Amino acid sequence: MTTPTAVALEDAKVAFRLGDGRVYTAVEKAHLAVAQGEFVAIVGPTGCGKSTLLNVAAGLLKPAAGSVKIFDRPLAGLNREAGYLFQADALFPWKTALDNVAIGLEIKGTPRSEALPQARKWLTSVGLGAFANRYPHMLSGGQRKRVALAQVLIRDPKILLMDEPFGPLDAQTRQVMGNLLLDLWNADRKAVLFVTHDLEEAIALADRVVIMSAGPSSRIIGDWRVSLPRPRDIFEVRLDKEFHALHREIWSVLKDEVMKGYAQSTHAAEAV
Amino acid sequence: MSRPTLFALQVLVAVVCIVLWQVLSTVPVFGKILLPPFFFSNPFDVFSQIVKWFASGVIWKHLGITLAESILAFVIGSAGGVLIGFWFARQPLVAAVFDPYVKMVNALPRVVLAPIFALWLGLGIWSKVALGVTLVFFIVFFNVYQGVKEVSRTVLDNGRMLGMSERQLMQHVYWPSALSWMFSSLHTSVGFAVVGAVVGEYLGSAAGLGYLIQQAEGVFDVAGVFAGMFVLSAFVILIDYGVTLVERRLLVWRPTASDGRG
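Sequences listed follow chains W and P, in order.
Oh and the first sequence: position 114 is 114 in this note's numbering, straight run, nothing missing.
Oh and the second sequence: position 186 is 1186 in this note's numbering, straight run, nothing missing.
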């Protein structure tokens, strides 16, 4: 079985020049491939550069070395095949929920009269049909994430990049959003690269869980396949024996990195 | 506190002030009038002066002139502020080069420019418009500059990832953000447009509310001065109310616009 590779990072290295001229290497030689239709979660301690890696896949950041291939073609500029779901609020605050979703199509030149009904349909499918005319500040955090999801999905990208999208939400809302995401994903199985610091969330959602070491110069140190059956329900999958076994196994590796990452971040704070 | 009680108390303040004014300027206390009518006039005279102005209709011409000057100053100053603010924010080099000059001009008390404008543009409305423009421009300019520069990084990246071109980013991200900052300073900039017009008139003109006050002052007609002041405040309050209406309409999407102002 050879499915095409949607995202391929080959020995990608990411470095930043600091204010004092030194070079800070965030990610060292990351090698990662996401197949078409595959849901891959990246988990790592705070500050390990997992979001950085995602930005490289999005084309928002250029790798200092190595290459990024999208469907086997080298990535130049922004990744036009990808939809990006941000951790922070990224909706246009001056547009209503409906306009925020419709803009995804209008940018491509779809006439407004066609974009609006489609946007309405997407709002309904994320459960916000009744909130079309609300502005972002009138919506709850979870509702804003739903709008953002619809805004990204209406363009029907082949790849979904998600940067701790449910991070700011409370625990219950996260689970509800996780299930919504899985439902929508099941419909057409896009390639997904999902960054999170929550290992449980990662196992519950993904086909593969990739672990990164603590930064700086963090590397990918583990890659587990999650063979829990689909369709999954996030509430129930957590009770599964296999889930627990896998969680224990991955956590034994991740724990050390989390401690290291924590120690480093406190050191860094002392140095400053 | 309920609204009617509040309103009653607000009215009470006005009534007490006016009654005190009237009493102290007409009835001697210990054989002395505390507010000599020559310096303080009295509410009755001020009120009859206002009635006379409106009854004869002379006031309309002056109000119209001041209003026209304020509107022109606001429109020209805002347009300039938006354009230059936008340009500076998008071209950091230009902003850096002009920075000291912008600071210098802005540090200048604008009133000293009034005589220059009167020389250049004559005693008609344009010298007053110019004075108002110099006031409005900087408020709008700084707000728009800030607004464009402080567009949220995430919102911008989101626009890019959704496939927006530079032009579309301009239209859907930078422009609305800049305008919202401009509108948030609407009360201040409209207020300054009126200040520019009235101060300009006061310093040399042939019509307008400022002229009216200045004329009254010139003949020691204190009642006229106070009457002019009252008409002016009523005028500004009306304009401010209009701005509030506009703002409510335009900034519905802003959380602060509705709960920030009462």
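Positions of the beta carbon are idealized from the N, C-alpha and C atoms, including for glycine.
Since the structure is predicted, the reported quantities are computational estimates derived from the model, not experimental observations.
Determine the burial state of residue i: buried for a count of at least 16 other Cβ atoms within 10 Å of its Cβ, exposed for fewer.
i	result
Leu105 of chain W	buried
Gln151 of chain W	buried
Pro4 of chain W	exposed
Val192 of chain W	buried
Asp256 of chain W	exposed
Lys108 of chain W	exposed
Tyr1174 of chain P	buried
Lys1103 of chain P	exposed
Leu91 of chain W	buried
Asp183 of chain W	exposed
Ser1041 of chain P	buried
Trp1060 of chain P	exposed
Ser1185 of chain P	buried
Cys1017 of chain P	exposed
Gly1262 of chain P	Its pLDDT being 33, under 50, Gly1262 of chain P is placed unreliably by the model, and the measurement read from it follows with that caveat. Counting Cβ neighbours within 10 Å, Gly1262 of chain P comes out exposed, since fewer than 16 surround it.
Lys1052 of chain P	exposed
Met1001 of chain P	exposed
Arg230 of chain W	exposed
Asn100 of chain W	buried
Asp1259 of chain P	Only weak support exists for where Asp1259 of chain P lies, its pLDDT of 44 falling under 50; the value from the coordinates is given anyway. So Asp1259 of chain P ends up on the exposed side.
Tyr1202 of chain P	buried
Ala12 of chain W	buried
His31 of chain W	exposed
Glu164 of chain W	buried
Who does residue i pair with in a DSSP beta bridge?
i	result
Leu161 of chain W	W:Tyr84 and W:Leu193
Ala33 of chain W	W:Ala8
Trp224 of chain W	W:Val209
Tyr262 of chain W	In the DSSP output, where bridge partners are listed per residue, Tyr262 of chain W has none listed.
Lys1032 of chain P	P:Val1029
Ile70 of chain W	W:Val7 and W:Arg73
Tyr24 of chain W	W:Phe16
Val1011 of chain P	Bridge partners of Val1011 of chain P: none, in fact.
Val40 of chain W	W:Leu193 and W:Arg208
Ser1127 of chain P	Ser1127 of chain P is not bridged to any residue.
Ser252 of chain W	Looking at the DSSP assignment, Ser252 of chain W forms no beta bridge with any residue, so it has no partner.
Ser218 of chain W	W:Val27
Under 8 Å between beta-carbons, which chain W residues line up against residue i? List them in chain order, please.
i	result
Met1182 of chain P	Near Met1182 of chain P there are no residues of chain W at all, since even the closest Cβ is about 13 Å away, more than 8 Å.
Arg1160 of chain P	Leu60 and Leu78
Trp1053 of chain P	Those do not exist, as Trp1053 of chain P stays about 44 Å from chain W at its closest Cβ, beyond 8 Å.
Give the interface partners of residue i over in chain P, defined as CB-CB distance under 7 Å, in chain order.
i	result
Pro168 of chain W	None at all; the shortest Cβ gap to chain P is about 12 Å.
For residue i, which residues in chain P fall below 8 Å Cβ to Cβ?
i	result
Arg80 of chain W	Gly1163
Ala137 of chain W	First, the residue type needs correcting, since residue 137 of chain W is His and not Ala in the sequence shown. Under the 8 Å cutoff, chain P gives Trp1253, Arg1254 and Pro1255.
Using a Cβ cut-off of 7 Å, pull out every chain W residue sitting near residue i, in sequence order please.
i	result
Pro1176 of chain P	Trp94
At a CB-CB cut-off below 9 Å, which residues of chain P make contact with residue i?
i	result
Gly178 of chain W	Neighbours of Gly178 of chain W on chain P: none; closest Cβ ~21 Å, over 9 Å.
Ile107 of chain W	Gly1159, Leu1162, Gly1163, Met1164, Ser1165, Gln1168 and His1172
Ala115 of chain W	Residues of chain P passing the Cβ test: none, with the nearest at roughly 13 Å.
Arg155 of chain W	Leu1162 and Gly1163
Gly104 of chain W	Leu1162 and Gly1163
What are the boundary residues of the alpha helix (DSSP H) that residue i is part of?
i	result
Ala64 of chain W	Run containing Ala64 of chain W: none; DSSP gives neither H nor E here.
Phe1039 of chain P	Pro1037 to Phe1040
Phe131 of chain W	Looking at the DSSP string, Phe131 of chain W is not in any alpha helix (DSSP H), and its letter there is neither H nor E.
Thr52 of chain W	Lys50 to Ala58
Arg144 of chain W	Gly141 to Leu153
Leu184 of chain W	Ala171 to Asp188
Leu1121 of chain P	Leu1113 to Leu1121
Ala1055 of chain P	Pro1043 to Ser1056
Phe166 of chain W	It is not in any alpha helix (DSSP H) - Phe166 of chain W carries neither H nor E in the DSSP assignment.
Val1252 of chain P	No alpha helix (DSSP H) contains Val1252 of chain P, which DSSP labels as neither H nor E.
Cβ-heavy atom distance between residue i and the ligand GDP below 7 Å?
i	result
Val1199 of chain P	The ligand GDP is absent from the structure shown, which contains no ligand whatsoever.
Going along chain W, which residues have a C-beta under 9 Å from residue i?
i	result
Thr1154 of chain P	Phe86, Gln87, Ala88, Asp89 and Ala90
Please specify which runs of the alpha helix (DSSP H), each continuous and at least 4 residues long, are wholly inside the stretch 1207-1243 of chain P, giving them in chain order.
1209-1218
Which runs of the alpha helix (DSSP H) at least 4 residues long sit entirely within the stretch 90-126 of chain W? Give them in chain order.
97-106 and 112-125
If you scan the stretch 1132-1189 of chain P from start to end, which runs of the alpha helix (DSSP H) of 4 or more residues do you find wholly inside it?
1153-1161, 1166-1169 and 1175-1184
Report the residue ranges of all alpha helix (DSSP H) runs contained in full by the stretch 1067-1110 of chain P; include only those spanning at least 4 residues, in chain order.
1092-1107
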